[in-house]
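Encoded as structure tokens, the structure appears first; notes follow it.
This is the structure we're talking about:
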């Protein structure tokens, strides 16, 4: 037990540290520890001998000349080989970026948005976007109304020619109108925007129904607004 | 003399001055003179590529030592992987037969000692090797590594203590 207590001090002493008084006393009466210290010292001396050979080691004759020739050759080679890799990587990254951009910007349906999101604030103002007499915009809708009126049409998406409505915040009308005009060129988007007034107070929407939306809704900038049927 | 000429001249002077040190650092890790020469040459080639932009020439030797050490470690790891691969392919027998002439006992003992050095943490290992290469000149090692002398001494002590504990049952 006493030997264990001096184990660290023993290694310290073997490594060249001055032995503590406690260790000295212990070593005077403990032959195994004294032997262990001797073995440690011998091992370190052997390591020193082995590593000491490094000081005498020299490269083969002509080594310096070989380095000079290799350095001169690397100058004549032009671009060092190591620098080619970063260029190749940069070119590959640029190609990948162009391919990704082309994929994202190509015309066509966008991925379906997350389903079931409902407008947290009620509409108060109606902004017709297109003159479609067959589909007059609803004056006022709540989440309950929408759920009761057309849950199945929400799931399936409005039929062609049917009026569609999106709800937006007051400050976002212009932006969304331009966006919808752009979407309409691809036959997408709502026909009516219902703008929620700041003072509007309607009941909170009830539990959401899991619905499957097809791709004929607005993209991720708008999908947190519900797009119900206008009928 | 042109700028390029001056650079080349400076570089050649550094090769003369430090090639042996780079070789020894690589040899300390790899323990194979041929491989150590390759590594030292690679260090100088890298230095040559960056030489024109090297602002502090006074730090060149430290840079070179660290580069030699790092490249040697990389090569040592690759060589260990290769050896494992060879063992798996059943080539170990061929290598064993080629080393029959070696003094097996001495070689094995030295391998154990050097394996203990190899197993040291990188910083302790580098200090241990450099102290041996620089003839126990702690100040020179501190200059090479750009650290205080006290740091070199404490790392060296910790390295020797670790070696003593690991090797006391080997000898």
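Chains as they are written, first to last, in our numbering: chain F, 42 to 272; chain P, 3 to 173. Backbone N, C-alpha and C fix where the C-beta goes; we use that ideal spot for every residue, glycine too. Owing to the predicted nature of the structure, the values given are computational and were not obtained by experimental measurement.
Quick check on the DSSP output: the alpha helix (DSSP H) that includes residue i runs from which residue to which?
i	result
residue 67/F	62-70
residue 59/F	First-last for residue 59/F: undefined, no H or E at that position.
residue 126/P	124-135
residue 152/P	151-169
residue 118/P	106-120
residue 142/P	140-147
Below 8 angstroms CB to CB, which residues in the same chain sit around residue i once its five sequence neighbours on both sides are set aside?
i	result
residue 189/F	Annotation note: pLDDT 44 at residue 189/F (below 50); position unreliable, coordinate value reported separately. Same-chain partners within the cutoff: there are none.
residue 122/P	130, 161, 164, 165
residue 50/P	13
With DSSP as the reference, label residue i as helix, strand or coil.
i	result
residue 42/P	helix
residue 44/F	helix
residue 35/P	helix
residue 58/P	coil
residue 113/F	helix
residue 21/P	helix
residue 103/F	coil
residue 14/P	helix
residue 70/P	helix
residue 172/P	coil
residue 98/F	coil
residue 166/F	Residue placement at residue 166/F cannot be trusted, given a pLDDT of 48 that sits under 50; what the coordinates show is reported in the next sentence. Reduced to three states, the DSSP call for residue 166/F is strand.
residue 264/F	A caution first: residue 264/F carries a pLDDT of 48, below 50, which makes its placement in the model unreliable, though a value can still be read off. In the structure shown, residue 264/F sits in coil (DSSP, three-state: anything other than H, G, I, E or B).
Given residue i, which residues of its chain have a CB within under 6 angstroms of its CB, disregarding the five upstream and five downstream residues?
i	result
residue 142/P	136
residue 7/P	none
residue 53/F	none
For residue i, which residues of its own chain have a beta-carbon under 7 angstroms away from its beta-carbon, when the five flanking residues on both sides are left out?
i	result
residue 77/F	51
residue 77/P	32, 37, 41
residue 169/P	115, 118
residue 75/P	31
residue 25/P	38, 39, 42
residue 56/P	62
residue 114/F	none
residue 155/P	140
residue 43/F	67
residue 145/F	none
residue 71/F	44
Do residue i and residue j have their C-beta atoms closer together than 8 angstroms?
i	j	result
residue 14/P	residue 109/F	yes
residue 132/P	residue 161/P	no
residue 63/P	residue 20/P	yes
residue 129/P	residue 158/P	yes
residue 95/F	residue 134/P	yes
residue 86/F	residue 55/F	no
residue 44/P	residue 73/P	yes
residue 140/P	residue 71/P	no
residue 146/P	residue 112/F	no
residue 68/P	residue 100/F	no
residue 91/F	residue 112/P	yes
residue 149/P	residue 84/F	no
residue 18/P	residue 105/F	yes
residue 52/P	residue 9/P	no
- Item | Contact set between the segment 11-44 of chain P and chain F, restricted to residues whose Cβ is under 8 angstroms from the partner | Taking 8 angstroms as the Cβ-Cβ cut-off against chain F, the residues of the segment 11-44 of chain P that qualify are 13, 14, 17, 18, 21, 22, 25, 26, 29, 30, 35, 38, 39, 42, 43.
- Message: Please list, in chain order, the residues of the segment 148-172 of chain P that have any C-beta partner in chain F closer than 7 angstroms.
- Response: 159, 162, 163, 165, 166, 167, 169, 170, 172
- Query: Name the residues in the segment 71-101 of chain F whose C-beta lies less than 8 angstroms from a C-beta of chain P; which are they?
  - Reply: 77, 80, 81, 82, 83, 84, 85, 87, 88, 89, 91, 92, 93, 95, 96, 98, 99, 100, 101
- What residues from the segment 116-134 of chain P come within 9 angstroms of chain F, judged by C-beta to C-beta, listed N to C? 116, 118, 119, 130, 131, 133, 134
- Message: Any C-beta of chain F within less than 8 angstroms: which residues of the segment 64-82 of chain P qualify?
- Response: none
- Just by C-beta distance, which residues in the segment 47-60 of chain P are closer than 7 angstroms to chain F? 47, 50, 51
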